[in-house]
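Letter by letter, the sequence shown follows residues 957 to 1245 in our numbering.
Data first, discussion second: the structure below is written as structure tokens.
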Amino acid sequence: MRVLCPSPSHLSLFGLLGLVVLLSAGTRAVADEGWSVTPLGTGRPYFYAEGTPGTVLQDTLSVRNPTKRNLNVRLTGGGWLTLAVPGVDVPARTRADVPFTVRIPQGTPPGDRTATITARASGRTETVGVRLRVRGPRLPALTVEHVTVRGDRIAYELVNRGTTDLTPTLAVHADGVLGPVLDRAPRTLPVRLPPGRRLALTEPWSGRPGFDAVDIRLTVTAADGTVRDEEYVSVRFVPWGGVAGVAGVVSAGGTLAVVRRIGRRRRDERTDRRPELAAKSDELTGAMT
957 MRVLCPSPSH LSLFGLLGLV VLLSAGTRAV ADEGWSVTPL GTGRPYFYAE GTPGTVLQDT
1017 LSVRNPTKRN LNVRLTGGGW LTLAVPGVDV PARTRADVPF TVRIPQGTPP GDRTATITAR
1077 ASGRTETVGV RLRVRGPRLP ALTVEHVTVR GDRIAYELVN RGTTDLTPTL AVHADGVLGP
1137 VLDRAPRTLP VRLPPGRRLA LTEPWSGRPG FDAVDIRLTV TAADGTVRDE EYVSVRFVPW
1197 GGVAGVAGVV SAGGTLAVVR RIGRRRRDER TDRRPELAAK SDELTGAMT
């Protein structure tokens, strides 16, 4: 695949010309299989190219029609890939060469990318792969964020802030008031984290404390050990149902004590007033005689 300078004039000329070339189909062993699409030339099962951000790459797709009838082929690509024409008419026993470009956007992190050119004709679909390697400095960077406890699981997020794919490992440790309550050695997570990707994950914790104050530490490391990050969170586990029951009993006991105190006070008041009432009764009785 050739490298082109990303000049607007060149790209404009490229789009205007179309550059669809009809040639003899040759003696390729595809006559029994019908039409085919391949990279221009021989010995390439797919397209391959390398470039830096901002580069425009060029290559050519060959559509071969060894049959006895004309063929109309519709072509599609995606992403950074642009075909010179969306389709081509290929006469019998000829070949059409269709150029295309791959533009690597500025700021693209280094790494491998894939794309596909799809051709459709006569009820058939054929594809050709495009493999692209973006060159540039590889800067690994990994963070663990937003650690929380949700029921019997520890939720967290991993973020790849670098320019290379990462396969992270995770270690979990938690200390309660009386000592460690969870300690899991580092293990590789079954995920692949591309550059710029944020991934929400959870870690099971079926035996978490029911009543404790716990400090949790999550440690993530790239599989090759190049980067490492830690995040801490403190949680308090309280059995609110039990606390409510105890509070209810305490409240009921306090109410009963108050009622008893009030009742005792009223009985005492009645007892204290009995001599006074008796004296008044005697006075009234004496007046009547």
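Cβ atoms here follow ideal geometry from the backbone N, Cα and C, with glycine treated the same way.
(Q) On the DSSP letters alone, give me the boundaries of the beta strand (DSSP E) that Y1004 sits inside. (A) Unbroken beta strand (DSSP E) run through Y1004: F1003 to G1007.
Q.
Let's test the definition: count the other Cβ atoms within 10 Å of the Cβ of T1050 and tell me whether it reaches 16, buried, or not, exposed.
A. With 16 or more other Cβ atoms from the protein chains shown falling within 10 Å of its own Cβ, T1050 counts as buried.
Q. From which residue to which residue does the beta strand (DSSP E) around N1021 run?
A. Bounds of the beta strand (DSSP E) holding N1021 are V1012 to N1021.
**Q.** Supposed contact pair E1186 and R1173 - C-beta distance, whole angstroms, cut 8 Å
**A.** Contact holds; Cβ gap of about 6 Å.
Q) What three-state label does DSSP hand D1168 in the structure shown? A) In the three-state DSSP reduction, D1168 falls in the strand class (E or B).
Q) What residue does the beta strand (DSSP E) around P1061 start on, and which one ends it? A) For P1061, no beta strand (DSSP E) encloses it, and the DSSP letter there is neither H nor E.
Q: Can you have a look at V932 and say buried or exposed, based on whether 16 or more other CB atoms are within 10 angstroms of its CB?
A: Absent from the model: residue 932. The displayed extent of the chain is 957 to 1245, so no value can be given.
Q) By DSSP, does L996 sit in helix, in strand, or in coil? A) In this structure, DSSP gives L996 a state outside helix and strand, which the three-state scheme calls coil.
Q.
Tell me which residue opens and which closes the beta strand (DSSP E) that S1190 is part of.
A. DSSP places S1190 in the uninterrupted beta strand (DSSP E) bounded by R1184 to F1193.
Q) What are the boundary residues of the beta strand (DSSP E) that includes R1109? A) Element bounds for R1109: R1109 to N1116.
**Q.** Which listed residue (L1039, D1053 and T1182) has its alpha carbon closest to that of D1119
**A.** For the sequence presented, residue 1119 should be read as Thr rather than Asp. Nearest C-alpha to T1119: T1182.
**Q.** V1100 beta carbon less than 8 Å from that of L1122
**A.** No; because the gap between Cβ atoms is not below 8 Å, this pair is not in contact.
(Q) Measuring only the C-alpha atoms, how far is F1193 from W1161? (A) Approximately 13 Å between the Cα atoms of the pair.
Q) Going by Cα to Cα distance, which pick from S1018, A1071 and P1009 is closest to P1034? A) It is Gly, not Pro, that sits at residue 1034 in the sequence shown. For the residues S1018, A1071 and P1009, the minimum Cα distance to G1034 belongs to A1071.
Q | Alpha carbon of R1117 to alpha carbon of L1095, nearest angstrom | A | Approximately 9 Å, taken between the alpha carbons.
(Q) Whole angstroms are fine: how far does the CA of G1007 sit from the CA of T1081? (A) Cα-Cα distance, rounded: 29 Å.
Q: Alpha carbon to alpha carbon, how far is A1178 from L1301? Give it in angstroms, no decimals.
A: Given a span of 957 to 1245 for the chain in the structure shown, any question on residue 1301 remains unanswerable.
Q: Answer with buried or exposed for A1048, where buried requires no fewer than 16 other C-beta atoms within 10 angstroms of its C-beta.
A: In this structure A1048 is exposed. Its beta-carbon is surrounded by fewer than 16 other beta-carbon atoms within 10 angstroms.
Q) Taking Cβ to Cβ, would you say V1147 is nearer than 8 Å to V1170? A) Taking 8 Å as the Cβ cut-off, V1147 and V1170 do not qualify as a contacting pair.
Q | Buried/exposed call for N1021, threshold 16 Cβ in 10 Å | A | Around the beta carbon of N1021, 16 or more other beta carbons sit within 10 angstroms, so the residue counts as buried.
Q.
For V986, which residues in the same chain have their Cβ closer than 7 Å to its Cβ, ignoring the five residues on either side in sequence?
A. Because the pLDDT of V986 is 41, which lies under 50, any placement of that residue in the model is unreliable, and the number read from its coordinates should be weighed accordingly. The residues are S992, R1020 and P1022.
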